[in-house]
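Colleague:
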Amino acid sequence: MITLAQRTVVGVLARIGRTAEAVARHAGQMTLLTWQVVVATATGKVSLRDVFIQLQSIGVASIPLVAVTAILSGVVTSQQGGYQFTSSIPLYVLGSVVTSSIILELGPVMTSFVLIGRVGARITAELGTMKVSEQIDALHSLGRDPVCVLAAPRIIAGTISMPLLVGLADGVGVVAGLVAARFSIGLGGESFLFGARLYWHSWDLLYSITKGFVFGFIIPLISVHMGFGTRGGAEGVGRATTAAVVFMIITVLVLDAMFPPLFLN
11 MITLAQRTVV GVLARIGRTA EAVARHAGQM TLLTWQVVVA TATGKVSLRD VFIQLQSIGV
71 ASIPLVAVTA ILSGVVTSQQ GGYQFTSSIP LYVLGSVVTS SIILELGPVM TSFVLIGRVG
131 ARITAELGTM KVSEQIDALH SLGRDPVCVL AAPRIIAGTI SMPLLVGLAD GVGVVAGLVA
191 ARFSIGLGGE SFLFGARLYW HSWDLLYSIT KGFVFGFIIP LISVHMGFGT RGGAEGVGRA
251 TTAAVVFMII TVLVLDAMFP PLFLN
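For reference, each letter of the sequence shown is one residue, going 11 to 275 in our numbering.
#1: Leaving out five residues on either side along the sequence, give the residues of the same chain with a beta carbon under 8 Å from the beta carbon of Val142.
#2: Enumerate in chain order the residues of its own chain whose CB-to-CB distance from Arg28 is below 7 Å, with the five nearest sequence positions on each side excluded.
#3: Rounding to the nearest angstrom, what Cα-Cα distance links Val108 and Ser194 in this structure?
#4: Identify which residue in Gly205, Leu203, Val262, Ala162 has its Cα closest to the Cα of Leu42.
#5: Within its chain, find whatever has a CB closer than 7 Å to the CB of Val103; leave out the 5 residues flanking it on each side and keep chain order.
#6: Work out the CA separation of Gly198 and Gln94 for me, nearest whole Å.
#7: I need the boundaries of the alpha helix (DSSP H) containing Gln64, first residue and last residue.
#8: CB-CB under 7 Å to Thr134, same chain, minus the five flanking residues each way: which ones, in chain order?
#9: I need the boundaries of the alpha helix (DSSP H) containing Asp180, first residue and last residue.
#10: For Gly239, does the three-state DSSP call read helix, strand or coil?
#11: How is Glu144 classed by DSSP in three states: helix, strand or coil?
#12: How big is the Cα-Cα spacing for Arg128 and Thr13?
#13: Mind checking whether Leu231 and Thr44 have CB atoms under 8 Å apart?
#14: Where Leu274 and Leu114 are concerned, what is the direct C-alpha to C-alpha distance, given to the nearest angstrom?
#15: Tell me the rounded alpha-carbon separation between Met11 and Val256.
#16: Helix or strand or just coil, what does DSSP make of Pro100?
#17: Only counting the same chain, and skipping five residues up and downstream in sequence, which positions put a Cβ closer than 6 Å to that of Pro156?
Structure, rendered in structure tokens:
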């Protein structure tokens, strides 16, 4: 007779196996989707008009929310840094703390979260609705490739938009931190910039933009993949959108954790 402990072990192993199988399946499907997008782009099958429409939707329309998020990140970082400093630490070091925190971490990550909530969820729901209502099947029947029409423009636009939005967030966040430092602890702009330059590395900005490039590619890729794989009507669209958001957040955090050992050491 199988004991309770044996059933528990078997259940845990079965769950691990199902999870590993699902991860491998998603990885394979996204790799294939990436290859199809590359081929469609290289062969000129992607409409520039569709790309520009997505650039407007993903990039330009996200600027206000990205700017607000960057301002709040800079203000909070500056205020908390000033609060934690003691008299034994020169105040101008706050300039380095704020600049490094915004450019190396908060700028790219917070901007990616903005795109996940604003763009990633929308793409998944949009394509998922098209999938369950058989609009994507209709494209196939008309001889049009959904990858060229739906997937490639969104992935290309996200890859282009994200580094630019990260650069905007970096600049706005640092300026907001400078202003907040002036009003919270009385640190002048010249002292703030002196501290920022003192510990500045020329690689930092490229590191931040590289994060933006990677995040900008992976977010729409996961969104499109989850949208194309939607099943089960309106309820399925909701499940796919929720799963896509969770998937994107975890992926961004894992990639973010991989960047320092790969690029900062």
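For each residue, glycine too, the CB sits at the ideal point set by N, CA and C.
Modeller: Working from what's here:
#1: In the sequence shown, the residue the question calls residue 142 occupies position 132. Listed in chain order, the non-local C-beta contacts of Val142 below 8 Å within the same chain comprise Thr240, Arg241, Gly242, Gly243, Ala244, Gly246, Val247, local neighbours out to five positions each way being set aside.
#2: Residue numbering aside, residue 28 sits at position 18 when the sequence shown is read from its first letter. Hits under 7 Å: none found.
#3: As a first step, residue 108 is located in the sequence shown; it is residue number 98 there, counting from the start. As a first step, residue 194 is located in the sequence shown; it is residue number 184 there, counting from the start. Just so you know, the alpha carbons of Val108 and Ser194 end up roughly 14 Å apart.
#4: The residue labelled residue 42 in the question sits at position 32 within the sequence shown. The residue from Gly205, Leu203, Val262, Ala162 with its alpha-carbon nearest to that of Leu42 is Ala162.
#5: In the sequence shown, counting from the first residue as 1, residue 103 sits at position 93. Taken in chain order, the residues that qualify are Gly205.
#6: In the sequence shown, residue 94 corresponds to position 84, counting from 1. In the sequence shown, residue 198 corresponds to position 188, counting from 1. Their Cα atoms are separated by approximately 18 Å.
#7: As a first step, residue 64 is located in the sequence shown; it is residue number 54 there, counting from the start. Counting along the chain, the alpha helix (DSSP H) containing Gln64 begins and ends at 58 to 64.
#8: The residue you call residue 134 lines up with position 124 of the sequence shown. If the five residues before and after Thr134 are omitted, its C-beta is found closer than 7 Å to the C-beta atoms of Ser233, Met236, Gly237, Ala250, Thr251, Ala254, all from its own chain and listed in chain order.
#9: Here residue 180 refers to the residue found at position 170 when the sequence shown is read from its first residue. 162 to 194 is the extent of the alpha helix (DSSP H) around Asp180.
#10: Start at 1 with the first residue of the sequence shown, and residue 239 comes out as number 229. If DSSP states are grouped into helix, strand and coil, Gly239 belongs with coil.
#11: Numbered from 1 along the sequence shown, position 134 holds the residue referred to as residue 144. Looking at Glu144 - three-state DSSP - the assignment turns out to be coil, as it is neither helix nor strand.
#12: To locate residue 128, count along the sequence shown from 1; it is residue 118. To locate residue 13, count along the sequence shown from 1; it is residue 3. Here the alpha carbon of Arg128 sits roughly 49 Å from the alpha carbon of Thr13.
#13: Within the sequence shown, residue 231 is the residue found at index 221, counting from 1. Within the sequence shown, residue 44 is the residue found at index 34, counting from 1. A contact, by the Cβ cut-off of 8 Å.
#14: To locate residue 274, count along the sequence shown from 1; it is residue 264. To locate residue 114, count along the sequence shown from 1; it is residue 104. Those two C-alpha atoms are separated by around 10 Å.
#15: Taking the sequence shown and counting its residues from 1, the one referred to as residue 11 is at position 1. Taking the sequence shown and counting its residues from 1, the one referred to as residue 256 is at position 246. Caution is warranted here: a pLDDT of 49 is assigned to Met11, below 50, making its placement in the model unreliable, and no coordinate value can be reported.
#16: Position 90 of the sequence shown, counted from the first residue, corresponds to residue 100. If DSSP states are grouped into helix, strand and coil, Pro100 belongs with coil.
#17: The residue given as residue 156 occupies position 146 in the sequence shown. So the qualifying residues of the chain are Ile146, Leu149.
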